[in-house]
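Asks: First the structure, then my questions, so here it is.
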Amino acid sequence: MGEANLSEVYRGYIACLNAQDWSKLGRFVGDNVKYNGQRIGLSGYREMLERDFREIPDLRFEIQLLVCEPPHIASRLHFDCTPIGTFLGLPVQGKRVAFAENVFYQFRGDKIQEVWSVIDKAAVERQL
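Put into structure tokens, the structure is as follows:
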């Protein structure tokens, strides 16, 4: 898959997340996806995302930087949101926070097979 196509697939994936259209998640994520080295599968990945949206009702994924070198994508995602309780082990309790997530994806064809994610927890700590 070419760089332009993979970039389009990724943007479709982000749109799917923001729409919380879980029935379409399997179009973008492989059945045996790994997250930070652990095989959680599509159902575990979906559960993780659904939990994120429950804990952060105004969650919205915004692509800040996107680098595509098939079969990999590197993305810096920006968030400006209001977690309702504890977030990353921090007592956010409804305070609005802004932070970034640096994520690397490995694709096979047009589906995500592996995800490596690091969230800027220090940015959240500075805002509390």
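Taking full-length UniProt numbering, the leading residue of the sequence shown gets 1, the next gets one more, and so forth.
Positions of the beta carbon are idealized from the N, C-alpha and C atoms, including for glycine.
Where does Val124 sit, in a helix, a strand or coil, going by DSSP?
Replies: Here Val124 sits in helix by DSSP.
Asks: Please list the segments of the beta strand (DSSP E) lying wholly inside the stretch 51-118, counting only runs of 3 or more residues, in order along the chain.
Replies: Those beta strand (DSSP E) runs which fall completely within the stretch 51-118 and span 3+ residues are 62-69, 72-81 and 97-108.
Asks: In the DSSP assignment, what residue or residues form a beta bridge with Tyr13?
Replies: Bridge partners of Tyr13: none, in fact.
Asks: Taking the beta strand (DSSP E) that Asn32 belongs to, which residues open and close that run?
Replies: Element bounds for Asn32: Val29 to Tyr35.
Asks: Is Glu114 buried or exposed, if buried means 16 or more other CB atoms sit within 10 Å of its CB?
Replies: With 16 or more other Cβ atoms within 10 Å, it is buried.
Asks: Could you give the distance in angstroms between the alpha-carbon of Glu69 and the alpha-carbon of Ser117?
Replies: Going by the C-alpha atoms only, they are around 17 Å apart.
Asks: Please say whether Phe53 and Gln20 have beta carbons closer to each other than 8 Å?
Replies: It is a contact, given that the beta carbons lie within the stated cut-off.
Asks: What's the C-alpha gap between Tyr13 and Gln106?
Replies: If you take the alpha carbons of Tyr13 and Gln106, they lie about 13 Å apart.
Asks: Would you list the residues sitting across from Gln20 in a DSSP beta bridge?
Replies: Paired residue(s): none; Gln20 is not in a bridge.
Asks: Quick one: residues in its chain with C-beta nearer than 6 Å to the C-beta of Val92, no 5 flanking neighbours on either side, listed in chain order?
Replies: So the qualifying residues of the chain are Pro83.
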